[in-house]
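Written below as structure tokens is the structure these notes are about.
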Amino acid sequence: MYTIETSLQVPEFIAQGLSSGTYERVGGVIREAKSKHVVTWLREGYKTSESGISNAMLPSPTSMISNSMNLALSNISAITNTLNLAISTMGFVIVLKRLGFIEQQLGQAQKVFRKLDYKSDLSFYANFRAALDLAINAFTMSNSESRKLSAMQAINRFLEAEQHYAKLASIEIANGSSLADNYLSTLCLAYVTEARCYLELEEIETARRRLQEGIAKLRPFFERHVNTLLTSNPAAYLHPSLKKQIGLKHLTRVYQWMEPELDEGEVFEKQRENLFSLAQNPKAWMNSLPPAICLPKGVTLTSTSVFDGFTKQSKKFIGALPSMSKIKTGSSETASLSPEATAFYQLPAAMALMEAMIEDNNRLTMYESEIEIIHKLGMSFQEWQQLAPSIPAQGNGSDLIYITVSK
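Below, the structure written as structure tokens:
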């Protein structure tokens, strides 16, 4: 017999476990750090899930929450994530909003890449949106046969989207392109919406199987693109001019995602020789940079950059970057970035992007745990969705639900 508890407040044993390091947050779950046994599932509340913005990992501090717990429960990414914490809050309307945001980013990037005669593919997004509309309509139908038929039609379109965006992601990752993360985000959404359709049909095991296949497909893509963003010399992320934005702990988290046994000291040892290599010959590193990091010749850094949201955060530190120069424009003199400074200027954005991709991968992976507990409890997906605290939120600034299952 299982007992299910839902709360808008951090359970005390969770707070203590996170503070001591006994527990860890991975995606939308809190689990034991050693055994990896999940103890609590996290879910955005109504306000956050309906807004289409996933950035809810910011519970307000209390006297019982230490700094280490705040770190464990804070969103590790500097940007809004593609995926919510729980698949139960990844409704079709939410996905539609996220898809629109990705399309907007690609549209802005297209203005830049057009100058290079490099095209981004926006053609298939209309098909994806049509599939989402079909799914939305399907699950408002009262006739069960019509509902299932329409849902299967939507699923077939999501399968087409998966194949299409997997191909695009593979091409752009191989090219080292900054478009790769947009296509990876879209591919995530395609797999999630397919699984969500099966959940709505109460085909729990099929949803779980298809999600597993999606995770297996996406993980290598994420790893390849993260390795691209790490560049040929990851020690560049430890450049002194970036110390206020990127620390060793950031680089360590990236490496630990790929090699969990590594600690901070071992990550530093991996970069010891790289640091001297970078200092002696920064030009060799710059010449090896992928398009996802460097700005191609003839393209200036503008608000249409795909890194725009990240790079704005870097401007106040720009004076610390190497090789600043001055350009006279009429009677005024403006600061211009040297190629070396421009390369370093992009690194905080690249680190934030890596962290965002890792977070989305973790959330996607933990969706399987959520589906598994639904099956174990013998609940329907609809019943699981309806789990909510009996006491409404008290305006504490947190819109996060904690679901704890115990025997």
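Sequential numbering of the sequence shown, starting at 20, is according to my numbering. From the three backbone atoms N, C-alpha and C, an ideal C-beta is built for every residue, glycine too. These numbers were taken from a predicted model, which means no experiment stands behind them.
- Cβ-Cβ distances below 8 Å link A407 to T25, I420 in the same chain, with the five nearest sequence neighbours on each side left out; the list follows chain order.
- Cβ contact annotation for Q231 (same chain, cutoff 7 Å, sequence separation greater than five): E387, in chain order.
- Taking C-beta atoms as the reference points, N100 and D379 count as a pair closer than 9 Å.
- In the displayed model, I23 falls within a strand according to three-state DSSP.
- In the DSSP annotation of this structure, the continuous segment of the beta strand (DSSP E) that includes T423 starts and ends at 419 to 425.
- Here the C-alpha atom of Y256 lies approximately 20 Å from the C-alpha atom of P279.
- The three-state reading of DSSP puts L61 in strand, counting E and B together.
- If one requires a minimum length of 3 residues, no beta strand (DSSP E) run lies completely within the region 227 to 297.
- In the structure shown, I113 falls within a helical segment according to DSSP collapsed to helix, strand and coil.
- With respect to the C-alpha of A368, the residue from Q405, S197, Q299, E191 having the closest C-alpha is S197.
- A contact between stretches requires three or more CB pairs, one per stretch, nearer than 8 Å, and the region 114 to 121 meets this requirement with the region 202 to 218.
- In its chain, beyond the 5 residues on either side, L141 have a beta carbon closer than 8 Å to the beta carbon of G126.
- Within a 10 Å sphere around the beta-carbon of N175 sit fewer than 16 other beta-carbons, which makes this residue exposed.
- In the DSSP secondary-structure assignment, E43 is bridged to R50.
- The three-state secondary structure of V211, taken from DSSP, is helix.
- Counted as a single uninterrupted DSSP element, the alpha helix (DSSP H) harbouring S169 occupies residues 163 to 193.
- With a cutoff of 9 Å on beta-carbon distance, V245 and M376 are scored as near each other.
- A149 carries a helical assignment under DSSP once its states are collapsed to helix, strand and coil.
- The residue among E213, L187, S260, N201 with its C-alpha nearest the C-alpha of S169 is E213.
- Under the three-pair Cβ rule at 8 Å, the region 252 to 270 does not count as touching the region 216 to 229.
- L153 is positioned such that its CB atom lies no closer than 9 Å to that of L115.
- Closest option to S425, judged by alpha-carbon separation, among Q401, W60, Q35: W60.
- With distances taken between CA atoms, I312 lies nearest to D200 out of A173, D200, A157.
- The alpha-carbon of K289 is positioned some 15 Å away from that of H269.
- DSSP places N306 inside the alpha helix (DSSP H), whose first and last residues are 301 to 306.
- In the DSSP annotation of this structure, the continuous segment of the alpha helix (DSSP H) that includes F400 starts and ends at 400 to 404.
- Around the beta carbon of R238, fewer than 16 other beta carbons sit within 10 angstroms, so the residue counts as exposed.
- Burial state of E63 is buried, judged by a 10 Å Cβ sphere holding 16 or more other Cβ atoms.
- Rounded to the nearest whole angstrom, the CA to CA distance from K53 to T41 is 8 Å.
- Secondary structure of K130 (DSSP, three-state): helix.
- Here N380 carries a helix assignment [DSSP, helix/strand/coil].
- Take the alpha-carbon of Q405 and the one of E181: they are about 29 Å apart.
- Beyond the five residues adjoining it in sequence on each side, S189 comes within less than 8 Å, by CB distance, of F240 in the same chain, given in chain order.
- Here DSSP, grouped into helix, strand and coil, assigns K55 to coil.
- Only buried fits H183, as 16 or more other CB atoms lie within 10 angstroms of its CB.
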